[in-house]
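Below you can see the structure in the form of structure tokens.
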């Protein structure tokens, strides 16, 4: 998608401004605000997390007697599997690497660019990085 065409679309758009020449917050689409404000808390989606059982304030490896604090990070859990359970490590890494990430379609790219331009205008951001 050509940068010129994106900016041409925004040049044609009508932006309601306040007395300070800032786009009104009401201009944002409700679903865009919902995405920002309704972020879920930490989700443990990596398959390595499924290999532990939580008991009280500890998490225990399902394959040995190793116990970890609930604050233990994923890197520590992965190192444990790599060194202590190499066969299971290989299986889980194949699952992690198999995850397909779909690229955004043209409509989603346009929606993201539209939100980005509104953010730049609303927050009076510089155009250079």
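In full-length UniProt numbering, the protein residues as written are 1 to 129.
For every residue, glycine included, the Cβ atom is placed at its ideal position computed from N, Cα and C.
Residue 65 versus residue 93: straight-line alpha-carbon distance, rounded: 22 Å
Which residues bound the beta strand (DSSP E) around residue 67? 67-69
Rounded straight-line distance, which links the Cα of residue 61 to that of residue 55: About 11 Å.
In the segment 88-124, which residue ranges form an unbroken alpha helix (DSSP H) of at least 4 residues, counting only runs that do not cross its ends? Here the runs fully enclosed are 106-122.
How would you label residue 95, buried or exposed, when you count the other beta carbons within 10 angstroms and need 16 or more for buried? exposed
List the whole-angstrom C-beta distance separating residue 52 from residue 77, where the pair is believed to meet the contact cut-off of C-beta under 8 Å. 7 Å
Does the Cβ of residue 127 have 16 or more other Cβ atoms within 10 Å, making it buried, or fewer, making it exposed? Under this definition residue 127 is an exposed residue.
Short of 8 Å in beta carbon distance, which residues of its chain neighbour residue 119, apart from the five on each side in sequence? Order them along the chain. 125
Name the DSSP bridge partner or partners of residue 55? 58
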